[in-house]
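The structure appears below as structure tokens.
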Amino acid sequence: MKELISSVKKDYLLGLALQGKRVDGRALDQYREVSVERGVIGTAQGSALVKLGNTQVMVGVKLQKGEPFPDTPTSGILVVNAELLPLASPTFEPGPPNEDAIELARVVDRAIRESQMIDLEKLCIKEGEEVWAVFIDIYVLDHDGNLIDASVLASVAALYDVKPPVSEEWTLPEFPVSKKPVAVTVVKLNGVMMVDACLEEENIAEARLTISTLEDGSICAMQKGGSGFFEREELEKAYELARKCGEELRKKL
Amino acid sequence: MLFVGNRELVVPGKLLAEGDYFAGEGTFIEDGKVFSAVVGLTEIREKNVSVISLQGRYIPRRGDRVIGIVTDTHPYGWTLDLNSPYTGNLMASELAGRKVDVFREDISKLLKTGDAVLAEVKEVDERWRVQLSVGERGLGKIREGRLVEISPAKVPRVIGRKGSMLKILQDTTGCRLEVGLNGRILIRGKDPAKVNEVVEAILLIEREAHLSGLTDKIKARLEGKK
Amino acid sequence: METGKPERLIVNGRRLDGRRPDELRPLRIKAGVLKRADGSAYIELGKNKILAAVYGPKEMHPRHLQQSDVAVLRCRYNMAPFSVEERKRPGPDRRSMEISKVIREALEPVLFLHLYPRAVIDVFIEILQADAGTRTAGITAASVALADAGIPMRDLVTGVSAGKVDGTVVLDLMKEEDQWGEADMPVAVMPRKKRITLLQMDGNFTPEEFRQALDLAFKGIDLIYEAQKEALREKYLPSLEEEK
Numbered sequence: 001m002k003e004l005i006s007s008v009k010k011d012y013l014l015g016l017a018l019q020g021k022r023v024d025g026r027a028l029d030q031y032r033e034v035s036v037e038r039g040v041i042g043t044a045q046g047s048a049l050v051k052l053g054n055t056q057v058m059v060g061v062k063l064q065k066g067e068p069f070p071d072t073p074t075s076g077i078l079v080v081n082a083e084l085l086p087l088a089s090p091t092f093e094p095g096p097p098n099e100d101a102i103e104l105a106r107v108v109d110r111a112i113r114e115s116q117m118i119d120l121e122k123l124c125i126k127e128g129e130e131v132w133a134v135f136i137d138i139y140v141l142d143h144d145g146n147l148i149d150a151s152v153l154a155s156v157a158a159l160y161d162v163k164p165p166v167s168e169e170w171t172l173p174e175f176p177v178s179k180k181p182v183a184v185t186v187v188k189l190n191g192v193m194m195v196d197a198c199l200e201e202e203n204i205a206e207a208r209l210t211i212s213t214l215e216d217g218s219i220c221a222m223q224k225g226g227s228g229f230f231e232r233e234e235l236e237k238a239y240e241l242a243r244k245c246g247e248e249l250r251k252k253l
Numbered sequence: 254m255l256f257v258g259n260r261e262l263v264v265p266g267k268l269l270a271e272g273d274y275f276a277g278e279g280t281f282i283e284d285g286k287v288f289s290a291v292v293g294l295t296e297i298r299e300k301n302v303s304v305i306s307l308q309g310r311y312i313p314r315r316g317d318r319v320i321g322i323v324t325d326t327h328p329y330g331w332t333l334d335l336n337s338p339y340t341g342n343l344m345a346s347e348l349a350g351r352k353v354d355v356f357r358e359d360i361s362k363l364l365k366t367g368d369a370v371l372a373e374v375k376e377v378d379e380r381w382r383v384q385l386s387v388g389e390r391g392l393g394k395i396r397e398g399r400l401v402e403i404s405p406a407k408v409p410r411v412i413g414r415k416g417s418m419l420k421i422l423q424d425t426t427g428c429r430l431e432v433g434l435n436g437r438i439l440i441r442g443k444d445p446a447k448v449n450e451v452v453e454a455i456l457l458i459e460r461e462a463h464l465s466g467l468t469d470k471i472k473a474r475l476e477g478k479k
Numbered sequence: 480m481e482t483g484k485p486e487r488l489i490v491n492g493r494r495l496d497g498r499r500p501d502e503l504r505p506l507r508i509k510a511g512v513l514k515r516a517d518g519s520a521y522i523e524l525g526k527n528k529i530l531a532a533v534y535g536p537k538e539m540h541p542r543h544l545q546q547s548d549v550a551v552l553r554c555r556y557n558m559a560p561f562s563v564e565e566r567k568r569p570g571p572d573r574r575s576m577e578i579s580k581v582i583r584e585a586l587e588p589v590l591f592l593h594l595y596p597r598a599v600i601d602v603f604i605e606i607l608q609a610d611a612g613t614r615t616a617g618i619t620a621a622s623v624a625l626a627d628a629g630i631p632m633r634d635l636v637t638g639v640s641a642g643k644v645d646g647t648v649v650l651d652l653m654k655e656e657d658q659w660g661e662a663d664m665p666v667a668v669m670p671r672k673k674r675i676t677l678l679q680m681d682g683n684f685t686p687e688e689f690r691q692a693l694d695l696a697f698k699g700i701d702l703i704y705e706a707q708k709e710a711l712r713e714k715y716l717p718s719l720e721e722e723k
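Protein chains in written order, with my numbering: chain A, 1 to 253; chain B, 254 to 479; chain C, 480 to 723.
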């Protein structure tokens with residue numbers, strides 16, 4: 001289901017963008033108020049609730065024993081699932097994950113997997129037979145734009161919140177995480193690039209680009225979305241925004 | 254007998270009155286007693302007991318002025334979203350003010366999806382089909398201005414008793430407002446800064462609709478900015 | 480990790496968490512916690528953490544499911560994968576579908592569905608963390624969310640569970656009692672007139688135990704009802720207090 005926007009409102013937002021302004025008065029490179037709360041769900045090994053303005057995303061991390069993939073017999077498993085809960089938006093319908101939910105899960109998955117923030121090799125119990133599987137469940141509770149950045153932030157926070165399971169097969173002193181990947185999504189509105197789009201901005205954006213970076217400024221994952229396009233120079237601009245805003249977001253972890 | 258005072262915050266199921274009282278808006282009758290059906294503030298006018306809801310969807314009523322957004326074109330006109338469970342229907346002939354030959358004319362030239370329209374509810378039938386009219390002057394397609402959406406339950410506060418709040422919003426800023434009872438408000442003004450002030454004021458009214466003294470507060474705020 | 484059945488669930492008149500048989504777990508209800516939803520509420524009861532949201536009344540799609548003279552009420556009870564010890568696969572299962580149905584039937588009686596023909600009212604209940612009694616706590620939150628959405632109601636609906644543990648009738652079962660006890664009875668009621676809109680039971684009760692359980696449930700419901708009303712008032716009251 002698509003969101004309804006009047007052309008009067010659309011024209012207003014596009015006009016503002018050309019002046020370098022935004023509907024809520026933010027700067028183009030400014031995020032809304034960010035809050036990260038850890039340990040919100042006791043039944044999960046790790047959890048976090050992230051608020052980005054009015055957007056709210058909850059992530060639960062659960063560790064379970066499982067079989068390794070045949071081609072990586074000593075490696076733990078990472079599974080990321082996202083639910084766009086119908087209670088989060090009138091446009092989300094109940095049912096199995098649609099392409100938006102699947103894209104969200106896979107983008108978060110890549111940010112975490114490619115950054116190698118979890119040392120999956122340390123999660124082996126018995127080579128070829130049993131390993132620890134890390135399930136990251138993303139629960140979108142309230143949708144006011146920029147679900148990707150909120151979901152990556154909540155997932156990383158939840159991973160750092162993990163208390164290892166009480167189990168004989170757990171031999172490590174703690175959960176093996178290092179590094180902190182952060183995703184920054186830049187949208188293009190009437191040719192103007194801005195970060196952390198709220199819902200209204202997201203609905204009229206031509207395209208979006210998510211860049212996940214690490215502390216050293218290296219890029220571990222990228223995803224372009226939307227049916228518009230980016231020029232080469234715009235990619236450079238997007239990376240700069242991702243690196244700068246990423247640093248600020250990382251402080252919240 | 255009355256069990257509540259005026260402007261008292263009540264919740265659904267609250268016993269309001271027993272005996273010789275009329276059940277007004279936001280209430281229902283059970284066993285001859287009047288109860289509140291919603292979360293809201295009581296309003297007691299002589300023997301009439303009502304509860305003014307602090308939330309709720311817009312339900313179209315004949316004569317209401319509304320701002321709709323076109324969602325669909327059909328052979329004889331358009332379907333408009335009214336921020337309500339019920340959509341509105343606007344006939345092409347109604348908008349054009351004359352007979353329209355739908356096979357010869359391209360009515361999307363008149364109005365297309367996404368356009369906002371200031372209209373009046375002409376009729377609501379027993380199946381809740383809503384017919385809109387734009388006959389009166391000033392109604393029709395909205396071409397310019399700033400559109401704000403608030404909860405329909407708070408719109409009466411933006412208008413104020415006998416239009417008092419509306420008068421303040423317009424007189425102190427020099428902007429013109431068209432208030433849709435369905436929660437959509439159009440603001441037109443030459444000075445974008447003044448338009449912004451009106452938007453801020455409206456959002457404040459929405460947040461504090463349940464408090465008294467709001468009219469004075471808004472007046473002071475807008476006059477202070479002169 | 481699996482823990483076996485504790486030897487006794489009640490010792491010296493105290494349950495595993497120190498409660499007496501007629502005591503409720505700590506309760507917290509908040510109204511209007513989500514921005515997008517028309518109405519919402521959050522409840523914590525013991526370790527339960529439950530979010531309820533309401534959308535509507537709104538246009539019903541697909542058209543052929545519309546009812547010409549009344550609004551349709553749709554309920555979805557869903558558990559988060561991380562809400563229980565053993566991760567639950569996302570998506571509805573038979574248990575949550577049955578629960579969704581009985582919840583809908585518990586809420587329908589208070590609504591004036593004839594006021595909104597052809598429309599639909601959607602109620603979503605998400606269990607973020609489960610600790611027994613989720614369906615009744617879900618109903619409690621859902622009715623606050625319905626009121627929060629401005630939907631006219633005859634009364635709120637309040638739910639609680641009662642049961643039997645070590646031969647003693649108790650109020651508001653916790654997880655271990657639900658798992659190892661002798662009877663579990665969720666109840667939901669329109670509190671003003673104590674009209675019962677949800678009643679289920681599994682286990683074993685003598686008729687006398689059933690009456691005792693219902694008495695306990697009604698007592699619990701009175702307390703929870705106060706908390707529901709307070710949650711709705713609290714949304715507006717702090718500012719009304721400032722007025723004075």
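Note that the Cβ used here is the ideal one computed from N, Cα and C, for glycine as well. Nothing here was measured: the structure is a model prediction, and the numbers come from that model.
- Look at the stretch 319-352 of chain B: the residues with a C-beta under 8 Å from a C-beta of chain C are Pro338, Tyr339, Thr340.
- Here Thr685 (chain C) is exposed, its C-beta having fewer than 16 other C-beta atoms within 10 Å.
- Among the residues facing chain B, Lys21 (chain A) is not included, as its CB has no counterpart in that chain under 8 Å away.
- Using a Cβ distance threshold of 8 Å, Val134 (chain A) and Leu189 (chain A) do not count as a contacting pair.
- Under the Cβ distance rule, Leu268 (chain B) does not count among the residues neighbouring chain A, no pair being separated by less than 8 Å.
- In terms of Cα proximity to Cys245 (chain A), the closest of A:Gly225, A:Ser151, A:Met194, A:Glu233 is A:Met194.
- Residue environment: Ala446 (chain B) is assigned as exposed (fewer than 16 neighbouring CB atoms within 10 Å of its CB, all protein chains considered).
- In terms of beta-carbon proximity, Pro164 (chain A) stays away from the interface with chain C, with every pair separated by 8 Å or more.
- Inter-segment contact for the stretch 665-684 of chain C and the stretch 577-584 of chain C is present: three or more beta-carbon pairs are separated by less than 8 Å.
- Between Ala621 (chain C) and Ala531 (chain C) a beta carbon distance of about 4 Å is seen, short of the 8 Å cut, so the two are scored as contacting.
- Where Lys9 (chain A) is concerned, there is no enclosing beta strand (DSSP E), although the alpha helix (DSSP H) around it starts and stops at 7-18.
- Restricting attention to beta strand (DSSP E) runs no shorter than 3 residues, the stretch 48-115 of chain A encloses them at 55-66, 77-84, ordered along the chain.
- Across the set C:Asp651, C:Ala520, C:Leu702, the C-alpha of C:Asp651 shows the shortest separation from the C-alpha of Ala692 (chain C).
- Taking a C-beta cut-off of 7 Å against chain A, the contacting residues of the stretch 557-587 of chain C are Ala559, Pro560, Phe561, Ser562, Val563, Glu564, Arg566, Pro569, Gly570, listed in chain order.
- The beta carbons of Val80 (chain A) and Ala158 (chain A) sit no closer together than 8 Å.
- As a beta-bridge residue in DSSP terms, Met344 (chain B) pairs with B:Gly330.
- The beta carbon of Lys10 (chain A) is closer than 6 Å to those of Ile204 in its chain, skipping five residues each way along the sequence.
- Going by DSSP, Lys420 (chain B) is part of the alpha helix (DSSP H) stretching over 417-426.
- Leaving aside the five residues that flank Glu114 (chain A) on each side, the residues in its chain whose CB is nearer than 7 Å to its CB run, in chain order, Cys220, Ala221.
- The stretch 343-350 of chain B makes no contact with the stretch 27-35 of chain A: fewer than 3 CB pairs, one atom from each, lie closer than 8 Å.
- Secondary structure at Pro536 (chain C): strand, using DSSP grouped into helix, strand and coil.
- Secondary structure note for Leu677 (chain C): its beta strand (DSSP E) is the uninterrupted segment 674-678.
- Counted as a single uninterrupted DSSP element, the stretch harbouring Met254 (chain B) is not any beta strand (DSSP E), since DSSP gives it neither H nor E.
- For Ala372 (chain B), the enclosing beta strand (DSSP E) has its first and last residue at 369-377.
- Thr613 (chain C) and Ser289 (chain B) have their C-alpha atoms roughly 29 Å apart.
- Residues of chain B with a Cβ closer than 7 Å to the Cβ of Val8 (chain A) are, in chain order, Ala369, Ile395, Gly398, Leu400.
- Annotation: Cβ neighbours of Ser547 (chain C) in chain B (cutoff 9 Å, chain order): Arg380.
- Between Leu524 (chain C) and Leu506 (chain C), the C-beta gap is smaller than 8 Å, which places the two residues in contact.
- Partner residues in the beta bridge of Leu439 (chain B), as assigned by DSSP, are B:Leu400, B:Glu431.
- Beta-bridge partners assigned by DSSP to Gly466 (chain B): none are found.
- Listed along chain B, the residues sitting closer than 9 Å to Ile5 (chain A) by beta-carbon distance are Ile322, Gly367.
- Measuring C-alpha to C-alpha distances from Val8 (chain A) to each of B:Gly433, B:Pro405, B:Phe281, B:Arg396 identifies B:Arg396 as the nearest.
- Considering only C:Ala585, C:Arg555, C:Ile618, the residue with the shortest C-alpha distance to Arg573 (chain C) is C:Arg555.
- Here Glu248 (chain A) is not near Gly228 (chain A), since their CB atoms are 8 Å or more apart.
- With at least 16 other beta carbons inside 10 angstroms of its own, Pro500 (chain C) counts as buried.
- DSSP lists A:Leu49 as the beta-bridge partner residues of Glu37 (chain A).
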